[in-house]
Every structure is written in structure tokens, then in C-alpha cells.
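In our numbering, the protein residues as written are 41 to 128. C-beta atoms are modelled at their ideal positions from N, C-alpha and C, and glycine is treated no differently.
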């Protein structure tokens, strides 16, 4: 038996975090696809003035999504830094 061995610990919360992170990524991709479809439909079915007003609202929500995305990236970096400190 005199062989060294390693103990591996799987952190379930980390697995859950990355699963939810993957779900967010899929949702963001779907939003991007829907965004393009919405813009096309707005231009087809509304006057230019009404379409521009609705596009402005859409743009504001897009800005909020970008902010959320940046927060997700920052939290992921923090978690990675904490995780790498624990594993050393």
C-alpha cells in the first residue's frame, strides 16, 4: 500500500452554480434571437414613430441585460478566485 493518494471532494454547490450559469447563457442566446425577430416585426407592423418608441424601450431593457451579464461575469470571477484559493 505505500502509495500516495489524493482525496477529491466534489462541491455540489459549484456544480449547481455552473448548471444555472449554463442555463443563463442559453437564455441570453434566445433573447438575442428574439431581439432580431422583434426588430423586424416592429418595422413591418408599426409606424416609424411607434416603432422607434418601442425600440427605445427594448433598448433600455437590453441595457439592463448587459448590466446583469456583467454582474454574472464578476460573480463568476469572484467564485473562481475563492474556489482556487480553497483548492491550493
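Thinking just about the alpha-carbon of each residue, which of 64, 89, 100 is nearest to the one in residue 113?
Comparing Cα positions, the closest option is 64.
In the segment 47 to 112, which residue ranges form an unbroken beta strand (DSSP E) of at least 3 residues, counting only runs that do not cross its ends?
None, since the segment 47 to 112 contains no complete beta strand (DSSP E) of that length.
Just how far apart, CA to CA, sit residue 46 and residue 78?
About 53 Å.
Using a Cβ-Cβ cut-off of 7 Å (strictly less than) and excluding sequence neighbours within five positions of residue 91, which residues of its own chain qualify?
Closer than 7 Å at the Cβ level, and outside the excluded window around residue 91, lie 82, 83.
Figure out for me which residue from 106, 88, 55, 96 has the closest Cα to the Cα of residue 71.
With distances taken between CA atoms, residue 71 lies nearest to 106 out of 106, 88, 55, 96.
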